[in-house]
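Protein sequences, first through last, are from chains D and W. Reminder that position 160 of the first sequence reads as 799 in the numbering used here, one-by-one numbering, no gaps. Reminder that position 62 of the second sequence reads as 701 in the numbering used here, one-by-one numbering, no gaps.
2 protein chains.
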Amino acid sequence: MAVSAHRGAPLSPEEIYATALRLIDAGGVEGLSMRKLAVELDVNPMSLYHHIDSKTTLLQRVCALVGAQLSLPPDDGAPWPQQLRALGHACRASARRHPSLWLYAQSHPEVTGSDHRLWRALDRILTAAGIGPDDLAHARKALFALLSGFILGETTGALDEQGGAADLDETFESSLDFAIAGLAAFHR
Amino acid sequence: MAVSAHRGAPLSPEEIYATALRLIDAGGVEGLSMRKLAVELDVNPMSLYHHIDSKTTLLQRVCALVGAQLSLPPDDGAPWPQQLRALGHACRASARRHPSLWLYAQSHPEVTGSDHRLWRALDRILTAAGIGPDDLAHARKALFALLSGFILGETTGALDEQGGAADLDETFESSLDFAIAGLAAFHR
DNA sequence: ACCTGAACACCGTTCAAGT
DNA sequence: ACCTGAACACCGTTCAAGT
């Protein structure tokens, strides 16, 4: 029992990331510890450090993994409001699948290393909406704030506690209407 | 040296909260530990538990303290866009004073115990803006998301990394314009 | 090469014992 | 009443020693 005392197969990074994501979905980022992860992988806690630098970079990789799975709307010439809605729904859907990871990523944006895919898609849609280059950064940031804040509020439950409609699907659609109408502020 | 071995005065909750807030502003919520707080107060770590239940409730009290200092716009009949801007500026100003605490509070909304002052002020302004009772909850949540997301992005630096204008004052004003224009979506 | 036990420097919190 | 030392059950991470 020299190599991998308890397991048949050697440890792979992919296995580590997938197991970490599963534990995070089940018990939150704050519930994930290197020691628990090792137990789940049936391995000595210190063995993990042969495959990953630190817990921080582990979380970074898991965030990248989830980010890569985002199905952003393609550049297919569809009407821009429809594309904007699709982008919003893609992010919200991912956040509902992995709420704790999104909460972590939103508080530690350095882990995503500025996901340029999202910004590029958003900029493309806003340009299609007739936003000029001078207003592009402002509009992008306002939309980022709205989307990010909605996801934050839904994830933490802050939006539930405010009363009104029980489920947030309708509220999200309203917020998208709000955003689409708000873009008029950038038409001058 | 029976009572308060190292200090002249006995420990007061207010002193604990104020010192905790100072340490949080200096080193972040994750940098605050009961042990460091005790050192700062020149007291045994375990003495703190005679005055506070737990670290969680300590953070709750500190959040409440900062929340109570929010200078929300009064109901003085000023035009509603002006009042909405004032409400936004009040929150952003507080967040810039205590970024780490706001980040914590936004991820743990249960600590604020649903700050009804803010919702009531917002509802009043939205009603003045002509939003009907059926749309009030939707509009409130959309505005909450935008404001909350902006503060989150500014606090974490996510909004800086996106390029565009270097300072965010102008972007915040743009976002307020965006919000005011977006409320048209709720006029039907 | 890969794994591992012991150890280090931290946590929050409990509890029995002091005055 | 108020304070405190020791202890418990955790952390992430290092490092020398094993095979």
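Glycine included, each C-beta is placed from N, C-alpha and C at the ideal position. Bear in mind the structure is a predicted one, so any value in this text is a computation, not a measurement.
| Check | Outcome |
| --- | --- |
| Cutting at 6 Å between CB atoms, please list the residues of its own chain near Leu739(W), excluding the five before and the five after it. | One detail in the question is off: residue 739(W) reads as Ser in this sequence, not Leu. Counting only Cβ-Cβ distances below 6 Å, and skipping sequence neighbours, we find Ile663, Gly667 and Val668. |
| Could you check the C-alpha separation between Ala677(W) and Met673(D) for me, to the nearest Å? | 29 Å |
| List, in order along the chain, the chain D residues whose C-beta lies closer than 7 Å to that of Leu650(W)? | In chain order: nothing, as chain D lies at least about 29 Å away. |
| For the alpha helix (DSSP H) that Leu761(D) lies in, which residues bound it at each end? | His755 to Ala767 |
| Should Ala823(D) and Ala823(W) be called a contact, given that it needs their Cβ atoms to be closer than 9 Å? | yes |
| Just to check my reading of the structure: Ala818(D) and Leu782(D) have Cβ atoms closer than 8 Å, yes? What is that Cβ distance to the nearest angstrom? | 6 Å |
| To the nearest angstrom, how far is it from the Cα of Asp715(D) to the Cα of Leu757(D)? | 16 Å |
| Beta-carbon of Pro748(D) versus every beta-carbon of chain W: anything under 9 Å? | yes |
| Cβ atoms of Leu671(D) and Ala659(D): under 9 Å apart, would you say? | yes |
| Helix, strand or coil for Val642(W) per DSSP? | Below a pLDDT of 50, predicted positions are generally treated as unreliable, and Val642(W), at 40, falls in that range; no measurement from the model is reported. |
| Taking Cβ positions only, does Lys694(D) come closer than 9 Å to chain W? | no |
| Enumerate in chain order the residues of its own chain whose CB-to-CB distance from Ser787(W) is below 8 Å, with the five nearest sequence positions on each side excluded. | Gln745 |
| Anything in chain D within Cβ reach of Trp719(W), meaning under 9 Å, just list it in chain order. | The premise fails here: Trp719(W) is roughly 16 Å from chain D at the closest Cβ pair, so nothing lies under 9 Å. |
| For Ser733(D), which residues in the same chain have their Cβ closer than 6 Å to its Cβ, ignoring the five residues on either side in sequence? | Leu709 |
| Let me confirm a value: Tyr656(W) is counted as buried when at least 16 other C-beta atoms fall within 10 Å, else exposed. Which label applies? | buried |
| Using DSSP with H/G/I as helix, E/B as strand and the rest coil, what is Gly821(D)? | helix |
| So, with DSSP's three-state summary, where would you put Ile770(W)? | coil |
| Give, in chain order, every residue of the segment 795-807 of chain D whose Cβ lies closer than 7 Å to some Cβ of chain W. | Thr795, Gly796, Ala797, Leu798, Glu800, Gln801, Gly802, Gly803 and Ala804 |
| Strictly under 9 Å for the Cβ-Cβ distance: is Leu865(W) near chain D by that measure? | Residue coverage of chain W in this structure runs from 640 to 827, which leaves residue 865(W) outside it and unanswerable. |
| Please confirm if Gln745(D) has its CB atom under 9 Å from at least one CB of chain W. | yes |
| Using only the alpha-carbon positions, how far apart do Pro652(W) and Glu812(D) sit? | 45 Å |
| Ignore the nearest five residues each way along the sequence and tell me which others in Leu815(D)'s own chain have a CB closer than 6 Å to its CB. | Arg724 and Gly727 |
| With a cut-off of 9 Å, does the C-beta of Asp816(D) fall near any C-beta of chain W? | yes |
| Please classify Arg735(D) as buried or exposed, where buried requires at least 16 other C-beta atoms within 10 Å of its C-beta. | exposed |
| Which same chain residues end up closer than 6 Å to Pro720(D) when comparing Cβ atoms and leaving out the 5 residues on each side of it in sequence? | Ile819 |
| Indicate the three-state DSSP secondary structure (helix, strand or coil) for Glu809(W) in the structure shown. | helix |
| Drop a sphere of 10 angstroms on the beta-carbon of Thr794(D), count the other beta-carbons inside from all chains shown, and report buried for 16 or more, exposed for fewer. | buried |
| Whole angstroms is fine: what's the gap from Ile790(D)'s alpha carbon to Val750(W)'s? | 19 Å |
| Taking the alpha carbon of Ala717(D) as the point to measure from, which residue in Asp799(D), Leu765(D) and His826(D) has its own alpha carbon closest? | Leu765(D) |
| At the 9 Å Cβ level, is Ser813(D) part of the contact set with chain W, yes or no? | yes |
| Find the nearest neighbour of Asp808(W) within the set Pro712(D), His777(D), Ala760(D) and Ala797(D), judged by alpha-carbon distance. | His777(D) |
| Tell me whether Ala804(W) sits in a helix, a strand or coil according to DSSP, three-state version. | coil |
| Does any residue of chain D have a CB that is nearer than 9 Å to the CB of His737(W)? | no |
| If you compare alpha carbons, which of Thr695(D), Arg661(D) and Trp741(D) is closest to Glu679(D)? | Arg661(D) |
| Could you give the distance in angstroms between the alpha-carbon of Asp621(W) and the alpha-carbon of Leu711(D)? | Any answer about residue 621(W) is impossible in this case: the structure gives chain W only from 640 up to 827. |
| Can you grab the Cα-Cα spacing for the pair Ala760(W) / Gln722(W), in whole Å? | 9 Å |
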